[in-house]
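*Asks:*
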Amino acid sequence: MTKYFAIKNHAPYEVVESTPTIWAIRCKKWAEGCTWGLRASKKKAHGKLLIAISIDSNGHLLPLAFAIVDEESADSWGWFLQHLKKVVFHDEIMTLNSKPIDSNVLYDQSFYRSSIVWDDRTVGELGCIRREAIVQRNISLHCNILPLLQVSEFYGVARLGFIQLDWHLITAFFERWRPETHTFHMPTGECTITLQDVEVLLGIPVNGEPVIIQVHEDWINLCQMLLGVVPPANKIKGSILNLTWLASQFSRLDDDAEEEIMIRYARAYILQLMGESIFSDKSCSFVHLMFQLLLGDLHEAGRYSWGGACLAWLYRQLCKASKRDVHDIVGSLILLQIWAWERFPTIAPQLTHANDHLLPEQALGSRYAILF
């Protein structure tokens, strides 16, 4: 970067100060009035790094300047831009556009979270309602229900195990999301999560019939018919059931349990998967019983496109949480995080154990479960 400035300004530089803590250079023509120079501290810096970049006619990004400030705010950016205009642009007219160049497609910039950086406000990371990617479930994964999970196509997501969510990573991608195009807008282009990503990373089927839920009136009788238990009035609210109560009813499965008992246990386990990971929402401790309508026959449950429904739900939550003044996010956040790791490997945790021999029977995302 130093050489770039020197060449650009035709100003060969010389070192004027070099100590264990300070390194400073200036233009050799300083006696002739050239004010170009650079002074840097070798001490460990604490604060926020502000960077200014430009783009040329060929679409190449070029660094302009950077500065370390105590905190990111309107004042620090104002100070940075003022010096940028004076030192780099030599007080020439400088235009800074915080909005999309063409507003015909990205027309709602002022309503999105990414616009807050231009306000005098401090914004933190979004809160993930599901604190863990796949919650350490109260209903354990019993070996007797594995065949039922396989025929119902929920075996892959069940084997993901426990993966801790990275709130900052998820927040960064939410801020890049644009509802107008349903894509993440990056400096070099656009990208998004696809149906193929869902099936490969989570092991949930995307081919099949759409997940369409019919209206049902008697949810209590549905619980009795499919789960074999009747929830108390304070554990069910309309069509949503308390997950803690559900776990207490299916906390243990005997090895010699009858087939019907194992089927009910498998339904409860799948219901927990849906409420805690696949279709999580802001109700936190509840799950929608409407999914049970499609779990009556577990051998038929696998013919539905659960992966398509999962992706549609995540898209909807991405659109909601990308708005200004939203503080919490829900949806299949584990899908977003694993997708980010796979598509941007430089930010992914390093895999220390190879388990490729397990992948044919598991979701690709299960590779990361060994790290947590």
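Numbering-wise (my numbering), the sequence shown opens with residue 59 and increments by one.
Even glycine gets a Cβ: it sits at the ideal position worked out from N, Cα and C.
1. Is the shortest distance between the beta-carbon of Cys281 and the beta-carbons of chain D less than 9 Å?
2. With a floor of 4 residues, list each alpha helix (DSSP H) that falls wholly inside the region 77-148, ordered by position along the chain.
3. So what's Gly389 in DSSP terms, helix, strand or just coil?
4. Identify whether Leu422 lies in helix, strand or coil by the three-state DSSP scheme.
5. In chain order, what residues of the same chain lie with their CB nearer than 7 Å to the CB of Leu369, ignoring the 5 residues before and after it?
6. Give me, in chain order, the residues of the same chain whose beta-carbon lies closer than 6 Å to that of His415; leave out the 5 immediate sequence neighbours on both sides.
7. From the DSSP output, in three-state form, read off Val345 for me.
8. In angstroms, rounded to a whole number, what distance separates the CA positions of Ser335 and Leu223?
9. If I follow the unbroken alpha helix (DSSP H) through Asn279, where does it start and stop?
10. What would DSSP say about Leu299, mapped onto helix, strand or coil?
11. I need the boundaries of the alpha helix (DSSP H) containing His226, first residue and last residue.
12. Would you call the CB atoms of Gly214 and Gly261 closer than 9 Å?
13. Quick one: what does DSSP say Tyr71 is sitting in, helix, strand or coil?
14. When the Cα of Ile271 is compared with those of Val74, Ala291 and Leu347, which residue comes out closest?
15. Write down the C-beta distance between Val264 and Gly366 rounded to the nearest angstrom, noting that I regard them as a contact closer than 8 Å.
16. Return helix, strand or coil for Thr404, following the three-state DSSP convention.
17. To the nearest angstrom, how far is the alpha carbon of Glu318 from that of Leu164?
18. So, at 6 Å on beta carbons, what are the nonlocal neighbours of Tyr327 in its own chain, with the 5 sequence-adjacent residues on each side left out?
*Replies:* The short version:
1. The structure shown contains no chain D; it holds only a single protein chain.
2. 132-141
3. Locating residue 389 in the sequence shown gives position 331, counting from the first residue. It is coil, neither helix nor strand.
4. Within the sequence shown, residue 422 is the residue found at index 364, counting from 1. Correct three-state label for Leu422: helix.
5. For the purposes of this step, residue 369 is identified with residue 311 of the sequence shown, where counting begins at 1. Same-chain partners within the cutoff: Ile251, Leu253 and Val256.
6. Counting from one through the sequence shown, the residue named residue 415 turns up at place 357. Model confidence at His415 stands at a pLDDT of 49, short of 50, so the residue's coordinates are unreliable; what they give is reported in the following sentence. So the list is empty, once near-sequence residues are dropped.
7. As a position in the sequence shown, residue 345 is number 287, starting the count at 1. Three-state DSSP puts Val345 in a strand.
8. Start at 1 with the first residue of the sequence shown, and residue 335 comes out as number 277. Start at 1 with the first residue of the sequence shown, and residue 223 comes out as number 165. About 12 Å.
9. For the purposes of this step, residue 279 is taken as the residue at position 221 of the sequence shown. Per DSSP, Asn279 belongs to the alpha helix (DSSP H) from Trp277 to Leu284.
10. Counted from its first residue, the sequence shown places residue 299 at position 241. The answer is strand: DSSP assigns Leu299 an E or B state.
11. To locate residue 226, count along the sequence shown from 1; it is residue 168. Unbroken alpha helix (DSSP H) run through His226: Trp225 to Arg234.
12. Position 156 of the sequence shown, counted from the first residue, corresponds to residue 214. Position 203 of the sequence shown, counted from the first residue, corresponds to residue 261. For Gly214 and Gly261, yes; Cβs fall inside 9 Å.
13. Here the question's residue 71 lines up with position 13 in the sequence shown. Note: Tyr71 maps to strand in three-state DSSP.
14. Residue 271 sits at position 213 when you count from the first residue of the sequence shown. Looking at the Cα atoms, Leu347 is the closest of the given residues.
15. As a first step, residue 264 is located in the sequence shown; it is residue number 206 there, counting from the start. As a first step, residue 366 is located in the sequence shown; it is residue number 308 there, counting from the start. The pair is a contact, with the Cβ atoms about 5 Å apart (cut-off 8 Å).
16. Counted from its first residue, the sequence shown places residue 404 at position 346. Thr404 falls in the helix class under three-state DSSP.
17. By 1-based counting over the sequence shown, the position of residue 318 is 260. By 1-based counting over the sequence shown, the position of residue 164 is 106. Those two C-alpha atoms are separated by around 53 Å.
18. Locating residue 327 in the sequence shown gives position 269, where the first residue counts as 1. Once the five neighbours on either side are set aside, the close Cβ partners of Tyr327 are Ile197.
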